[in-house]
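In my numbering, the protein residues as written are 1 to 254. Ideal placement from N, C-alpha and C gives every residue a C-beta, glycine not left out. Read through the structure below, which is laid out as structure tokens, and then see the notes.
Structural data, given as structure tokens:
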């Protein structure tokens, strides 16, 4: 009679015996994989073997001379190949715009009048009234009453070389001054002097007349001065020597 348990045990023993060599080989491979492998050394050896197997290189041939390129020729050729632009077509006329709105009616003059103040008022056709300002002048203010002249004096002011005109009326005095004119002696001119027109100043022995108010130095070439009298030359004393020679001899007796 067939016994399945005995058959299973026998088959297990046979499988274990057949697989044992495989397990041993697997264990050996796992041990090798666990060890680090020096890949760089293997690569260097492989490269050295590959280089050694290559044939020695030969010298290359010289390259051909380059053809010089002229920039102007290239540009001219490019421009020649470019198509010539054609003239554009004329645009179409635009459409007429819509008619504008009618303008407002103009204003006319309906009337005009002058009011009591002398201003001109105009009335427009739309009823507006415009004041254009006075067109009729007002009466002038009455002038002040005149005063009779009670006194009249003329006085020379030497400090300013002026004539003072004084008029007295009703207790009030009105004074006006005018340049006296003529030549007025003013003394010796010094640096910083401010001369007035018509004054005569002595400088460096000469007399100068001021043509205008000026602080310039009196000079004959100045535009502000005119010379009246030049300085005289210094006198000279002359000594005359006469060489008479030796005195004549005196005779004694006859």
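For residue 73 and residue 66, the rounded distance between their alpha carbons: Residue placement at residue 66 is flagged as unreliable, the pLDDT there being 49, under the threshold of 50; a coordinate-derived value is accordingly withheld.
Helix, strand or coil for residue 182, going by three-state DSSP, please let me know. DSSP places residue 182 in the coil class of the three-state scheme, outside both helix and strand.
Relative to the C-alpha of residue 171, which candidate in 162, 187, 233 and 150 has its C-alpha closest? When each option's Cα is compared against that of residue 171, the closest is 150.
Minimum length 3: unbroken beta strand (DSSP E) runs contained in the segment 65-122: For secondary structure counted as the beta strand (DSSP E) over 3 or more consecutive residues, the segment 65-122 holds these complete runs in sequence order: 109-114.
Counting C-beta neighbours from all protein chains within 10 Å, is the total for residue 20 16 or more, i.e. buried, or is it exposed? Exposed.
Please name the residue or residues paired with residue 206 in a DSSP beta bridge. Partner(s): 203.
If you reduce the DSSP assignment to three classes, tell me which class residue 192 lands in. DSSP, read as helix, strand or coil, puts residue 192 in coil.
Would you call the segment 222-237 and the segment 195-210 touching, i.e. three or more CB-CB distances under 8 Å? Touching, yes.
Counting along the chain, where does the beta strand (DSSP E) carrying residue 162 start and finish? Looking at the DSSP string, the run of the beta strand (DSSP E) that includes residue 162 is 162-169.
Just verifying my parser: in three-state terms, what is the DSSP assignment at residue 55? For residue 55, the secondary structure class from DSSP, reduced to helix, strand or coil, is coil.
Provide the residue(s) that pair with residue 173 in DSSP beta bridges, ordered along the chain. In the DSSP assignment, residue 173 forms a beta bridge with 168.
Reference residue 261, options 126, 118 and 44, closest by Cα: Residue numbering for the chain in the displayed model covers 1 to 254; residue 261 lies beyond these limits and cannot be assessed.
Return the residue from the list 126, 127 and 133 that minimises the CA-CA distance to residue 116. Across the set 126, 127 and 133, the C-alpha of 133 shows the shortest separation from the C-alpha of residue 116.
Cβ neighbour criterion (16 or more within 10 Å) applied to residue 208: Taking all protein chains shown into account, residue 208 has 16 or more neighbouring C-beta atoms within 10 Å of its C-beta and is therefore buried.
Could you please give me the residues that DSSP links to residue 130 through a beta bridge? Residue 130 pairs with 122.
Distance, residue 156 Cα to residue 255 Cα: Outside the modelled stretch of the chain, which goes from 1 to 254, sits residue 255, for which no answer is possible.
Buried or exposed for residue 195, please, with buried defined as at least 16 other CB atoms from any protein chain shown within 10 angstroms of its CB. By the neighbour-count rule (16 or more Cβ atoms within 10 Å), residue 195 is buried.
Taking just the CA atoms, how far does residue 86 sit from residue 79? Taking the CA atoms as reference points, residue 79 sits about 16 Å from residue 86.
In chain order, what residues of the same chain lie with their CB nearer than 6 Å to the CB of residue 214, ignoring the 5 residues before and after it? Exclusion of the five residues before and after residue 214 leaves 195 and 224 as the residues of its chain whose Cβ lies within less than 6 Å of its Cβ.
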